[in-house]
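For reference, the structure is listed below as structure tokens.
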Amino acid sequence: MIPVLSVRGLKVSIRTDEGKAEILDDIGLTLERGRILGVVGESGCGKSTLIRSIMGILPRAATVEAGEIWFEGENLLAFSEAELNDGVRSSRIGFIPQDPLLALNPVFKVGTQMLEIMRWHAPPDGLRGAARRRAHVDRLVGLLKRMQVPDPETALERYPHQFSGGQRQRLLIAAALACAPGLVIADEPTTALDVTTQHQILLLLRELVAEFGISLLFVTHDFGVVAELCDDLCVIYAGQTVEAGQVRAILDAPSHPYTRALLACHPDRATTFIGIPGTVPSPLARPPGCLFAPRCSEARALCRTGRPPQGRAGSGAEVRCVQFA
Amino acid sequence: MLRFVVRRCLLVLPSLLGLLVITFLLIRVVPSDPAMAMAGDAATPEQIERLRQQYGLDRPIWEQFVSYAGKVATLDLGESAFSRRPVAVDIAQRLPATLTLTFCALAISVFVGVPLGVVAGLSHNAWPDYLLRVFSVMGIAVAAFWFAIMLQLLFSMELGWLPLRGELSPTIQRPPRVTGFMVADALIAGRLDVAADALRHLVLPAVTLSLGGLATIVRFTRAGVLDTMQQDFVFYERAMGYRRWRLNWIYVLRNSVTATVTQIGLLFGGLIAGGVVVEAIFDWPGIGSYTVQAILTGDRQVMLAVTLLIGVVYAAVNILTDLVHGVLDPRLMERG
Amino acid sequence: MSPILRKLSRDLPAMLGLAIVLFVLVIAIFGPMLAPYPEDAAASHLTRRLRPPSAAFPFGTDNLGRDIFSRVILGARGALSIALTVVSTAMLIGVPLGLIAGYRGGWLSEGIMRVTDVVLAIPQLILALALAQLMSPSLESAMLALSLTYWPYFTRIVYAETRRLSSSLFVDALRGIGAGSGRIVFLHILPNALSPVIVRATIGLGFTILVAAVLGFLGMGATPPAPDWGLAIAESRTYLPRAWWYATFPGLAILITVMGFNLLGDGLRDIVDPRIRRSR
């Protein structure tokens, strides 16, 4: 059974005023069908660039230097813009953005925006014209009911600013599912919400994954969310995958020093407010050797000279550290 | 919506009242002999005396102002020293020509300017963008009267493609006046050749008048588009596979034009001022040339009536602009 | 000063504007020394009327045989002096009014701002024409009329800045140590409000040159034989299309000069108010 999404050795750089920034430097992840993969990393680790690379919306100044993105057996990097826009976005890969207020166009009704998506990407149903539109509206109303958006029939006629944050996020989840994609990418969808709403949305997502039979790629910086929602986990540091495996296994027995440090800082586990000493290396000047070595308490001389190989830990996770090679 | 309009109208009243006061002061108080000032430079002593009594210039200032305000309210704007007719009648007769010119110029500025601005914004820093930026900088630096003369030189005198001046060729018979709008009257009278001639006469004046506005609209639309493209919802719309053409020309455009709409409202001032010059150069029989004529003959009643008229029009345009803003961005309507 | 110049130097159009403005300034100051025929400010040479552009007369000659190139150069002085007079007068009226209105509040403030609204309710050209007409047409009355119609732009800006600053913390602190109102306004608030005023002044210079040219064209400004650019274009009309050079070059001079001020003003605005990102 091939995985829905498999990223191998992805390297992406961006031309900036100060030089070439290597945002992604060997990213690898695997999302199996019907499962939820959490992608965890600090701000600036390259999570957004990863998402943009998968969806094919990189800025003009960015270049994919190397790597492959296999989606249901096809390499997305080989797709043209037209192929991506017509055949992949929304119809096969859905997207849930981070900030529901900023993501929606403020001057158009919510219904107009969602129907625009359906118009071009809804699965063919043999209908045309007004009948087709009616069918789309019905499907959307049905989805909104399932998302527990209040007054689903009239919701489509309202403007984004007339909904609360949590309601808007539900709208966006409905939009992501509207065209029945097999894969949904969620970009920190709960970051802009309060804790209670966050919990509700996570529950909802879990139910939807099972109900609609989708695979979910969930990007976040919060381990707590990962623990609650995800099946598998992938930890990113400075543009590299440092640990990947099953959530329970990794949380019980984290292997990579960075993962361990992150978990130790998490409010659920730490009693005092601690951080990880040092800062993330700038993408303009990556050090030779292991990127985490300058901040790693277990670093040896070997760590600073050569790039660490991928190894396997006792928990079954893939780890990029000499200790597990 | 109605409440919105009413509230805006009320807010603008003090300014108009102030304008009324100022024009009153200018015509009655500033000149040492208001009657002589009103009669114009070519009046006889009898005419001056008649005016003095007619306007009650021997009464106290307060009474004069009230009667002046009353007259204005009933559209009695005095009499033109030059044409010897009520100013209100002159204005009514000349208004259609100015309206035609103004709206044509506005239409050109908007319907050519907005798409060009979008093109410039979308091709940020590529050659169409640079070309359009140079154009918009030059467009507002150009003296309208000079541009008019250059156009006349090229298209009228050298190439002979377009007529030099006027609303209609002197050899053509004018259609009977129904609406006052030349093209409409020609069509109503079934005279297509006259309508065509009128349209040909419209080209150079309208293009001249539209230049400043065109440059401004290109500039602001471009800026609006660039700002909009940075916003998150554009990224979202791309991620959700919106068709590029629709994304740019429907969804981005709507968000980009708020600043442009403000500019269109402000443009009116330029159109009115520019209209004076353009009408003078092209012998266009509208309010602009009426104003210039009044200036040259010292016809003060006319000048001040025109000033008042322009103030009112400007205020009305501002209210209209606010209204359009509210329609374009529903969030503004709620805040009122 | 120098961080401003450094930021400005990265902005190509603004540097071009600065270059143009300096160029025009030099021409205005040294005009009579630079013009090949400085006497053509007034003299006439009827034997060489309406000659097309040539090596001897790069812009051709006008209907009185005067070298247009020289007259364009000499006209720069008039244009700039009118613009500087008008704008500085407008500033002298408008800035203090804005300070008073912004700082004092109450009756006086409302009154000043209402008058500002009324004056701004009319396009400047119309009002200037009306005023100039009432004062009997001449260059001086034109300049006065232009000043009297331009000051509200400064008042509005200064009013907004003063309002904003007078409720800020540092003004409270100053009042706390007993500084008098006058001191606060002139030594502390005014310098902070100066930047947008300078931007507006720069653009105002360009705009005034344009409006003054229109007034000159309509016969409400400079009078013959002054080498005024607007006046030259007006004079040229009767000799078209034959003497195309007569109308073209003075107009180009106006275009380039105004463009220079606009570009410079835009560049200054980008520095002064980066919040309103002009999206370069």
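From first to last, the protein sequence lines stand for chains F, C and B. Residue 89 in the working numbering is what sits at position 28 of the first sequence, and the numbering runs on without skipping anything. Residue 993 in the working numbering is what sits at position 116 of the second sequence, and the numbering runs on without skipping anything. Residue 788 in the working numbering is what sits at position 105 of the third sequence, and the numbering runs on without skipping anything. For glycine and all other residues, C-beta sits at the position ideal for the given N, C-alpha and C.
Does Ser962 of chain B have its Cβ less than 9 Å from a Cβ in chain C?
Working through the third sequence from its first residue, we reach residue 962 of chain B at position 279. Legend: pLDDT at Ser962 of chain B = 39, less than 50; position of this residue unreliable, no value from coordinates given.
Can you tell me which of the three DSSP states Ala905 of chain B falls into?
The residue you call residue 905 of chain B lines up with position 222 of the third sequence. The answer is coil: DSSP assigns Ala905 of chain B none of H, G, I, E or B.
Determine, for Ala1136 of chain C, whether the minimum Cβ-Cβ distance to residues of chain F falls below 9 Å.
The sequence position of residue 1136 of chain C within the second sequence is 259, counting from 1. Judged by the 9 Å Cβ criterion, Ala1136 of chain C is not in contact with chain F.
Can you tell which of C:Gln941, C:Phe1022, C:Phe942 and C:Ala1092 has its C-alpha closest to the C-alpha of Leu898 of chain B?
As a first step, residue 898 of chain B must be located in the third sequence, where it is residue number 215. If we check each option's Cα against that of Leu898 of chain B, C:Phe1022 comes out closest.
Could one say the Cβ of Val202 of chain F lies closer than 9 Å to chain C's Cβ atoms, at least one of them?
In the first sequence, residue 202 of chain F corresponds to position 141, counting from 1. With 9 Å as the cut-off, Val202 of chain F does not count as an interface residue toward chain C.
Tell me the residue span of the beta strand (DSSP E) that contains Cys295 of chain F.
Against the first sequence, residue 295 of chain F aligns to sequence position 234. It spans Asp293 to Tyr298 - the beta strand (DSSP E) in which Cys295 of chain F sits, taken as one unbroken run.
Taking C-beta pairs closer than 7 Å, name the residues in chain F that Ala1119 of chain C reaches, listed in chain order.
By one-based count along the second sequence, residue 1119 of chain C stands at place 242. Checking the sequence, you will find Tyr at residue 1119 of chain C rather than Ala. In chain order: Glu177.
Have a look at B:Leu791, B:Ala718, B:Ile840 and B:Ile765 and flag the residue whose alpha-carbon is nearest the alpha-carbon of Val755 of chain B.
If you number the third sequence from 1, residue 755 of chain B lands on position 72. Selected option, being the one with the closest Cα: B:Ala718.
For the beta strand (DSSP E) that Asp283 of chain F lies in, which residues bound it at each end?
Within the first sequence, numbered from 1, the residue matching residue 283 of chain F stands at position 222. Note, Asp283 of chain F: premise wrong, no beta strand (DSSP E); not H, not E.
Can you round the beta-carbon distance between Asp723 of chain B and Arg760 of chain B to whole angstroms, since I take them to be within the 8 Å contact cut?
Here residue 723 of chain B refers to the residue found at position 40 when the third sequence is read from its first residue. Here residue 760 of chain B refers to the residue found at position 77 when the third sequence is read from its first residue. That pair is no contact at about 14 Å.
Counting only C-beta atoms, is Asp1109 of chain C closer than 9 Å to chain F at any point?
Along the second sequence, one-based indexing puts residue 1109 of chain C at 232. Closer than 9 Å to some Cβ of chain F, the Cβ of Asp1109 of chain C qualifies, so yes.
Under 9 Å Cβ-Cβ, which residues of chain C neighbour Arg150 of chain F?
Reading the first sequence from its first residue, position 89 is the one you call residue 150 of chain F. Correct list: Arg1115, Ala1116, Met1117, Gly1118 and Tyr1119.
Assuming Met826 of chain B and Ile916 of chain B form a contact by the criterion Cβ under 8 Å, report the distance between their Cβ atoms to the nearest whole angstrom.
Walking along the third sequence from the start, residue 826 of chain B turns up at place 143. Walking along the third sequence from the start, residue 916 of chain B turns up at place 233. Going by Cβ atoms, the distance from Met826 of chain B to Ile916 of chain B rounds to 19 Å, so no, they are not a contact pair.
Cβ of Gly1213 of chain C within 9 Å of any chain F Cβ:
Taking the second sequence and counting its residues from 1, one reaches residue 1213 of chain C at position 336. Low confidence applies here, because Gly1213 of chain C scores a pLDDT of 42, under 50, leaving its location unreliable; read the following figure in that light. Output row for Gly1213 of chain C: interface = no.
Closest Cα partner of Gly889 of chain B within the set B:Ala815, B:Thr940 and B:Asp949
Working through the third sequence from its first residue, we reach residue 889 of chain B at position 206. Among B:Ala815, B:Thr940 and B:Asp949, the Cα nearest to that of Gly889 of chain B is on B:Thr940.
Is DSSP giving Lys108 of chain F helix, strand or coil here?
By one-based count along the first sequence, residue 108 of chain F stands at place 47. Correct three-state label for Lys108 of chain F: helix.
DSSP bridge partner residues for Gln371 of chain F (one or two, in chain order)
Counting from 1 along the first sequence, the entry for residue 371 of chain F is found at position 310. For Gln371 of chain F, which the question treats as bridged, DSSP gives the partners F:Arg381.
Against Leu165 of chain F, what residues of chain C qualify as contacts under a CB-to-CB distance less than 7 Å, listed in chain order?
Residue mapping note: residue 165 of chain F aligns to position 104 of the first sequence, counting from 1. Here the neighbours are Phe1110.
Assumed close pair Ala305 of chain F, Cys291 of chain F - CB separation to whole angstroms, cut-off 8 Å:
Position 244 of the first sequence, counted from the start, is the residue given in the question as residue 305 of chain F. Position 230 of the first sequence, counted from the start, is the residue given in the question as residue 291 of chain F. Their Cβ separation, rounded to whole angstroms, is 12 Å, which puts Ala305 of chain F and Cys291 of chain F out of contact at 8 Å.
Under the three-state reduction of DSSP, which class applies to Asp160 of chain F: helix, strand or coil?
Start at 1 with the first residue of the first sequence, and residue 160 of chain F comes out as number 99. Of the three classes helix, strand and coil, the one that applies to Asp160 of chain F here is coil, per DSSP.
Given a limit of 9 Å on CB to CB distance, which residues of the region 83-113 of chain F reach chain C?
Ile112 and Arg113
Opposite Phe132 of chain F in the DSSP bridges: which residues?
For this step, residue 132 of chain F is matched to residue 71 along the first sequence. Paired residue(s): F:Leu66 and F:Glu135.
Using a Cβ cut-off of 7 Å, pull out every chain C residue sitting near Met116 of chain F, in sequence order please.
Counting from 1 along the first sequence, the entry for residue 116 of chain F is found at position 55. In chain order: Ala1116.
If you follow the alpha helix (DSSP H) that Ile275 of chain F is part of, which residue opens it and which one closes it?
Translated into the one-based positions of the first sequence, residue 275 of chain F becomes position 214. Careful: Ile275 of chain F lies outside any alpha helix (DSSP H) and carries neither H nor E.
Host alpha helix (DSSP H) of Thr1139 of chain C (start-end)
By one-based count along the second sequence, residue 1139 of chain C stands at place 262. Where Thr1139 of chain C is concerned, the enclosing alpha helix (DSSP H) stretches over Thr1135 to Phe1159.
Identify the contact partners of Ala1092 of chain C in chain B, using a Cβ-Cβ distance below 7 Å as the criterion.
The count along the second sequence starts at 1 and reaches residue 1092 of chain C at position 215. Simply none; closest approach about 10 Å.
Whose CA, out of F:Val210, F:Leu111, F:Pro221 and F:Arg381, lies closest to the CA of Ala360 of chain F?
As a working mapping, residue 360 of chain F is identified with position 299 in the first sequence. Comparing Cα-Cα distances from Ala360 of chain F to each of F:Val210, F:Leu111, F:Pro221 and F:Arg381, the minimum goes to F:Arg381.
Beta bridge counterpart(s) of Thr730 of chain B as assigned by DSSP
The residue you call residue 730 of chain B lines up with position 47 of the third sequence. Partner(s): none; Thr730 of chain B has no beta bridge.
Span separating the alpha-carbon of Leu204 of chain F from that of Ala997 of chain C
The sequence position of residue 204 of chain F within the first sequence is 143, counting from 1. The sequence position of residue 997 of chain C within the second sequence is 120, counting from 1. Those two C-alpha atoms are separated by around 40 Å.
Could you name the residues that DSSP lists as bridge partners for Ile1164 of chain C?
Position 287 of the second sequence holds residue 1164 of chain C. Answer by DSSP bridge pairing: none, since Ile1164 of chain C is not bridged.
Do Ser830 of chain B and Ile776 of chain B have their beta-carbon atoms positioned less than 9 Å apart in this structure?
Here residue 776 of chain B refers to the residue found at position 93 when the third sequence is read from its first residue. Here residue 830 of chain B refers to the residue found at position 147 when the third sequence is read from its first residue. Against a cut-off of 9 Å, the Cβ pair of Ser830 of chain B and Ile776 of chain B comes out as a contact.
Chain B contact for Ser986 of chain C (CB, 9 Å cutoff):
For the purposes of this step, residue 986 of chain C is identified with residue 109 of the second sequence, where counting begins at 1. Not one chain B Cβ lies under 9 Å of Ser986 of chain C.
Determine the extent of the alpha helix (DSSP H) in which Glu940 of chain C is found, giving its start and end residues.
The count along the second sequence starts at 1 and reaches residue 940 of chain C at position 63. First-last of the alpha helix (DSSP H) with Glu940 of chain C: Ile938 to Ala950.
DSSP beta-bridge partners for Arg150 of chain F?
Locating residue 150 of chain F in the first sequence gives position 89, where the first residue counts as 1. Answer is F:Ile154.
Distance cutoff 9 Å, beta carbons only. Does Ser919 of chain B sit that close to anything in chain C?
The residue you call residue 919 of chain B lines up with position 236 of the third sequence. Yes - at least one Cβ of chain C is within 9 Å of the one on Ser919 of chain B.
When DSSP labels each residue in this structure, what does Thr91 of chain F get in the three-state scheme?
As a first step, residue 91 of chain F must be located in the first sequence, where it is residue number 30. Of the three classes helix, strand and coil, the one that applies to Thr91 of chain F here is strand, per DSSP.
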